[in-house]
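Here is the structure we will look at, set down as structure tokens.
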Amino acid sequence: MAPIQSAEQTVLAIRPEGLPAFWPADNPWLHALVFIVASIAFALVMVIVFIYVERRGVARFQLRLGPNRAGPEGVLQAVADLIKLLLKEDIVPRLADKVVHLLAPIVATVPAFMVFAVVPLWGDGAMLADLNAGVLYFIAISSFGVVGVFMAGWASSNKYSLISAMRGVAQMVSYEIPLVMALLGVVVFAGTLSLNGIVDAQSIPFALLQPLAAVIYFLAMSAEINRTPFDLLEAESEIIAGYHTEYSGMKFALFYVAEYGHAVAGAAIFATFFLGGWKGPVLPPVLWLVIKMLVVFFVGFWARATLPRLRVDQVMGLGWKALLPLAVINVLIAAVEVLFWPSGTTQWLLVPINIAIGALLVFLWSRTVSLRGGRVEVRTRAEVKA
Amino acid sequence: MKSEPEQKSKRSKDKKRVFGAGIARGLRVTMKGLLGRAITTSYPEHKLVVSKRFRGNEFVWYPARCTGCSTCAKSCPHGNIEVVTRRGNNAYEVEKFEIDTGRCMFCGLCVESCPYDALCLGRGYELAKYRRGDLVLEKEAMQESEKRKPSGYFRPKIEKTLPAQTLLIERAGRKSRKKKESVP
Amino acid sequence: MEATETRTEPFVINLGPHHPSTHGVFRMRVTFDGEVVVDVEPMFGYLHRGIEKLAEGRTYTQIIPLTDRLDYLASMTNNWGYVMAVEKLAGVPVPERAEYLRVIVGEMMRISSHLLATGFLINELGAFFTPLMYMYREREKILDLFDMLCGQRLTYNYMRVGGVSHDPPPEFWPAVKRFVREMPGYIDEYEGLVTTNEIVLARTKDVGVLSKELAINASASGPFLRATGVDWDLRRDDTYSIYDRFKFDIPVGTNGDVFDRYMCRIQEMRQCCRIIEQALQQIPRGEFRARLPHLVRPPAGEVYGHIEAPRGELGFYLVSDNSIAPYRFHVRPSTMINLTTLRDLTIGWKLADLIVIFGSIDVVLGEIDR
Ligand code: SF4
Ligand code: SF4
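Chains as they are written, first to last, in our numbering: chain A, 1 to 386; chain B, 387 to 570; chain C, 571 to 940.
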């Protein structure tokens with residue numbers, strides 16, 4: 001029988017059985033404090049690690065050496081950049097909406113770190129709050145980041161920023177649905193909305209059981225966190241720096257942290273949902289999680305180093321015409337499988353079946369959906385006048 | 387006339403591949419890049435050897451050989467060279483020899499035209515200055531020294547003594563059989 | 571509730587002169603309806619240095635370094651076009667070996683220039699510098715060789731009236747041979763990275779289509795023209811220098827879209843390798859520079875000399891009054907004339923396509939503004 005919990009404990013959904021014996025699980029405030037500090041520290045350290053890994057990694061993809069000056073092998077580069085940005089002048093455009101301009105980076109950054117409340121970072125149940133609706137919480141929070149982007153784009157009173165903000169909103173709206181649909185397949189298999197429960201349910205990583213969902217989720221996630229080939233928001237060759245064109249100094253640093261914070265959160269969530277989270281032999285759970293996150297992130301910046309970006313209407317087209325129907329079909333198949341397939345050891349058999357189904361669907365879609373063309377008939381000014 | 391792009395574009399139009407096949411091919415190429423060696427160097431520590439004919443950011447001038455004929459000054463497209471001479475005992479003495487490297491485009495025409503090999507381009511390249519005035523090279527500053535070495539541009543004798551240039555093609559080329567190449 | 575009228579309004583953006591992908595200091599005044607381009611007004615002149623006027627006050631030899639600064643990504647061919655015009659005007663014979671050297675460096679310049687053109691095109695498509703860095707690697711090799719040849723990496727000042735300034739050093743030849751041998755492999759690598767990539771195909775196929783008629787009417791030239799299907803290359807159709815001695819194909823596109831332009835450049839690089847290979851085999855020993863007086867003094871008259879520069883037809887129009895400097899010096903810049911089609915190509919496409927189409931024209935502002 002579960003011990004009686006206080007109201008705070010219920011909100012945090014602390015599971016004392018997952019924590020060590022000396023843990024102050026009966027004191028929710030202490031528990032919350034420790035985990036909040038630990039989660040944010042984890043996220044910030046991972047942001048620095050990701051920045052370093054990406055900069056060095058992309059440099060190696062490009063046959064360069066990458067930053068190797070600050071500290072041994074350049075590990076302190078992010079710190080050096082931060083100090084530089086702190087010392088820089090904070091420029092606010094004269095026509096900017098000052099308050100919104102100031103709030104935007106904060107609004108963009110905070111959700112990235114809030115996500116970590118429900119991610120089992122340190123082991124089974126060792127998390128801030130094991131919400132039984134963790135997936136919902138994650139979806140609600142992660143889609144909030146775009147508000148900051150939109151605020152920034154709007155408040156800067158810069159046309160490039162505004163275009164970027166518009167793109168951001170459109171992209172977010174279109175990709176939220178396939179993202180959720182892809183997660184639904186996982187949830188159907190796991191039978192729970194708690195992230196810890198989902199990790200527990202993965203005797204076989206869901207990346208194998210739900211390959212199509214994993215791919216769709218990865219693409220949708222890349223779109224949500226603006227990474228190539230969906231980095232429309234910061235399309236450097238088109239709209240300079242997008243929504244943060246008019247930001248400098250610490251505010252820009254916040255956007256930078258937000259960008260990588262979302263990447264860290266995305267990688268952590270992907271690892272949790274599809275790669276078995278903290279599960280793994282020998283090494284401590286948190287290290288396993290970090291390794292898996294780095295793997296996910298590596299694929300991300302590998303693609304970034306290789307691929308050009310899609311155009312805005314093609315991104316929308318891909319989301320609505322390809323990812324969404326595929327995700328819906330995937331949920332359907334997952335539901336049928338869960339209904340008729342007794343879970344247990346024979347679940348292994350589903351792996352090749354699902355991979356085959358996924359490959360077949362991708363093949364069918366690449367035959368039918370085309371993203372080519374895209375010219376719009378317009379009337380030029382002269383024609384309008386005539 | 388064979389028109390290859392025509393065939394190519396037709397082929398890729400007819401053969402619709404699975405979405406992702408081409409991307410995978412690209413990913414493979416970049417992966418090879420990741421596993422390969424970097425082609426850049428850490429600059430101030432590892433310097434590459436410049437070309438023997440390097441047209442560097444400084445001039446070397448030999449007062450003993452210069453007759454003050456001013457051919458160099460005349461051949462400069464921008465008129466950067468100022469030569470003032472005075473009649474001496476037996477020959478002209480060069481009173482002033484100045485090159486304004488702030489306006490110089492290092493075309494080398496002055497060096498090319500000097501009939502007495504008295505003016506050479508240099509091999510230095512880290513010569514940024516804070517003031518434009520510092521870029522005007524004077525007589526004394528232009529003579530050969532430990533730091534100021536002449537380059538082999540239009541000076542074949544000097545060229546022979548210089549070290550071989552580092553070539554990227556040797557550092558980052560494909561490994562191939564060493565073959566004796568003929569010199570046409 | 572009161573019904574409020576909602577309407578959309580086109581807005582104007584000044585793209586450039588300081589924009590990451592305007593290839594220097596080009597400015598477009600673009601009217602957008604949402605993200606769709608409604609009107610484009612190109613504006614240039616930010617890089618005007620008055621080279622044509624400067625040249626009138628300089629001797630024929632002193633102009634050569636000025637031509638380096640026209641199309642600064644293909645200085646060798648600028649030098650070549652100019653000295654060819656002067657040679658035509660003054661009736662100077664060019665030694666065989668010099669012609670071969672010119673062909674070799676000219677074709678290497680074409681490779682280097684096309685590498686940058688395609689590399690930046692992919693960059694403008696949004697790739698994060700990787701294809702560009704790969705192409706830079708090969709360009710760097712070419713620049714190394716040019717450096718070995720004439721001591722500079724960008725402004726060569728290599729050609730002279732009646733020849734070239736230097737004979738290559740002995741270590742030049744094995745390096746060039748090695749380069750030509752390896753280059754096709756590298757081109758395959760770029761193709762693997764770019765040509766079959768679905769995103770590139772989706773972004774470039776049927777985008778920015780230039781019709782044959784428009785191309786001819788705009789007197790476009792170079793790969794930009796050939797991509798539309800017009801089979802026109804000065805190296806073959808108005809043979810200059812010794813191009814009639816080499817076997818090479820002229821790649822021609824079909825659609826005239828961005829992809830065909832890219833493909834034409836890639837194929838042309840392969841052909842360049844072929845030409846260099848043949849030139850390396852045929853090159854004779856001997857003089858590399860005709861013996862001429864220090865100052866060239868062509869007879870009074872006028873001349874138009876043109877060559878197939880990497881970006882199209884590069885022409886030099888010279889009027890001589892039998893002095894040591896030209897009376898009039900005029901450049902027919904290839905990219906500026908190609909650029910005149912920009913408006914027709916881009917209207918109706920999105921902002922992202924505008925950048926890509928502009929990139930596919932492959933302009934160099936040094937030549938446009940002069
Ligand atoms: S290098 Fe050229 S520009 Fe410079 S001083 Fe000599 S002739 Fe004049
Ligand atoms: S450097 Fe040469 S060209 Fe110039 S004045 Fe002296 S001798 Fe004459």
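Glycine included, each C-beta is placed from N, C-alpha and C at the ideal position.
Under the three-state DSSP convention, the category residue i falls into
{"i": "residue 416 (chain B)", "result": "helix"}
{"i": "residue 580 (chain C)", "result": "coil"}
{"i": "residue 514 (chain C)", "result": "Outside the displayed span of chain C (571 to 940) sits residue 514 (chain C), for which this structure offers no information."}
{"i": "residue 552 (chain B)", "result": "coil"}
{"i": "residue 180 (chain A)", "result": "helix"}
{"i": "residue 277 (chain A)", "result": "coil"}
{"i": "residue 89 (chain A)", "result": "coil"}
{"i": "residue 514 (chain B)", "result": "coil"}
{"i": "residue 726 (chain C)", "result": "coil"}
{"i": "residue 905 (chain C)", "result": "helix"}
{"i": "residue 500 (chain B)", "result": "coil"}
{"i": "residue 839 (chain C)", "result": "helix"}
{"i": "residue 542 (chain C)", "result": "The structure shown does not extend to residue 542 (chain C), since chain C spans only 571 to 940, so no value can be given for it."}
{"i": "residue 910 (chain C)", "result": "coil"}
{"i": "residue 508 (chain B)", "result": "strand"}
{"i": "residue 739 (chain C)", "result": "coil"}
{"i": "residue 566 (chain B)", "result": "Note that residue 566 (chain B) scores 48 on pLDDT, short of 50, meaning its location in the model is unreliable; the coordinates nonetheless yield the value given after this. The answer is coil: DSSP assigns residue 566 (chain B) none of H, G, I, E or B."}
{"i": "residue 598 (chain C)", "result": "strand"}
{"i": "residue 863 (chain C)", "result": "coil"}
{"i": "residue 928 (chain C)", "result": "helix"}
{"i": "residue 371 (chain A)", "result": "coil"}
{"i": "residue 603 (chain C)", "result": "strand"}
For residue i, the first and last residue of its enclosing alpha helix (DSSP H)
{"i": "residue 365 (chain A)", "result": "350-368"}
{"i": "residue 885 (chain C)", "result": "Unbroken run through residue 885 (chain C) is the beta strand (DSSP E), 882-890; no alpha helix (DSSP H)."}
{"i": "residue 390 (chain A)", "result": "The structure shown does not extend to residue 390 (chain A), since chain A is modelled only from 1 through 386, so no value can be given for it."}
{"i": "residue 491 (chain B)", "result": "Unbroken run through residue 491 (chain B): none, as it is neither H nor E."}
{"i": "residue 710 (chain C)", "result": "700-720"}
{"i": "residue 199 (chain A)", "result": "195-200"}
{"i": "residue 297 (chain A)", "result": "285-306"}
Beta carbon proximity, residue i to chain E, threshold 8 Å
{"i": "residue 438 (chain B)", "result": "Among the chains of the structure shown, chain E does not appear; the protein chains present are A, B and C."}
Span of the beta strand (DSSP E), counted from its first residue to its last, around residue i
{"i": "residue 445 (chain B)", "result": "445-447"}
{"i": "residue 609 (chain C)", "result": "606-613"}
{"i": "residue 874 (chain C)", "result": "871-879"}
{"i": "residue 664 (chain C)", "result": "Per DSSP, residue 664 (chain C) belongs to no beta strand (DSSP E) and is neither H nor E."}
{"i": "residue 467 (chain B)", "result": "467-473"}
Rounded distance between the beta-carbons of residue j and residue i, thought under 8 Å
{"i": "residue 728 (chain C)", "j": "residue 719 (chain C)", "result": "7 Å"}
{"i": "residue 508 (chain B)", "j": "residue 541 (chain B)", "result": "Residue 508 (chain B) to residue 541 (chain B), Cβ: 11 Å. No contact."}
{"i": "residue 224 (chain A)", "j": "residue 175 (chain A)", "result": "6 Å"}
{"i": "residue 761 (chain C)", "j": "residue 836 (chain C)", "result": "6 Å"}
{"i": "residue 860 (chain C)", "j": "residue 732 (chain C)", "result": "3 Å"}
{"i": "residue 46 (chain A)", "j": "residue 100 (chain A)", "result": "Not a contact, Cβ separation roughly 29 Å."}
{"i": "residue 770 (chain C)", "j": "residue 695 (chain C)", "result": "6 Å"}
{"i": "residue 838 (chain C)", "j": "residue 793 (chain C)", "result": "6 Å"}
{"i": "residue 797 (chain C)", "j": "residue 826 (chain C)", "result": "5 Å"}
{"i": "residue 50 (chain A)", "j": "residue 121 (chain A)", "result": "Between residue 121 (chain A) and residue 50 (chain A) the Cβ distance is about 15 Å, and since that is not below 8 Å, they are no contact."}
Closer than 7 Å: residue i CB and nearest ligand 4 heavy atom
{"i": "residue 455 (chain B)", "result": "For ligand 4, the structure offers nothing, since it holds only ligand 1 and ligand 2."}
Exercise. Taking a cut of 8 Å between CB atoms, which residues from the region 300-313 of chain A lie near chain B?
Worked result: Going along the region 300-313 of chain A in chain order, one finds 302, 303, 305, 306 and 307 with a Cβ nearer than 8 Å to chain B.
For this session: Residues of the region 54-71 of chain A with a CB closer than 9 Å to any CB of chain B: list them in chain order, please.
Result: Flagged, chain order: 57, 59, 60, 61, 62, 63, 64, 65, 66, 68 and 69.
Exercise. Between the region 235-258 of chain A and chain C, which residues of the former have a C-beta closer than 7 Å to a C-beta of the latter?
Worked result: Here the close residues are 235, 236, 237, 238 and 240.
Exercise. Which residues, taken in chain order from the region 163-180 of chain A, show a beta carbon closer than 9 Å to some beta carbon of chain C?
Worked result: Residues passing the 9 Å Cβ filter: 163, 166 and 167.
Exercise. If you measure beta-carbon to beta-carbon, which residues of the region 695-714 of chain C are closer than 8 Å to chain A?
Worked result: Those would be 695, 696, 697, 698, 699, 700, 703, 704 and 707, in chain order.
Exercise. Listed in chain order, which residues of the region 774-799 of chain C have Cβ atoms closer than 7 Å to some Cβ of chain A?
Worked result: Residues of the region 774-799 of chain C whose Cβ lies closer than 7 Å to any Cβ of chain A, in chain order: 775 and 776.
Exercise. What residues in the region 909-936 of chain C have a beta carbon less than 7 Å from any beta carbon of chain A?
Worked result: If the cut-off is 7 Å between Cβ atoms, the region 909-936 of chain C has 917, 918, 919, 920, 921, 922, 923 and 925 near chain A.
Problem set entry | Interfacial residues, the region 478-511 of chain B to chain C, with Cβ spacing under 8 Å | Cβ contacts with chain C come from 491, 492, 493, 494, 495, 498, 499 and 507.
For this session: With 8 Å as the C-beta to C-beta threshold (strictly closer), list the residues of the region 742-758 of chain C near chain B in chain order.
Result: Within the region 742-758 of chain C, 743, 744, 745, 747, 748, 749, 751, 752 and 755 place their CB atoms closer than 8 Å to a CB of chain B, listed in sequence order.
Problem set entry | Residues of the region 185-219 of chain A whose Cβ lies closer than 8 Å to any Cβ of chain C, in chain order | Answer set for the region 185-219 of chain A: empty.
For this session: Please name the residues in the region 272-300 of chain A whose beta-carbon is closer than 8 Å to at least one beta-carbon of chain C, in chain order.
Result: Listed by position along the chain: nothing, the set is empty.
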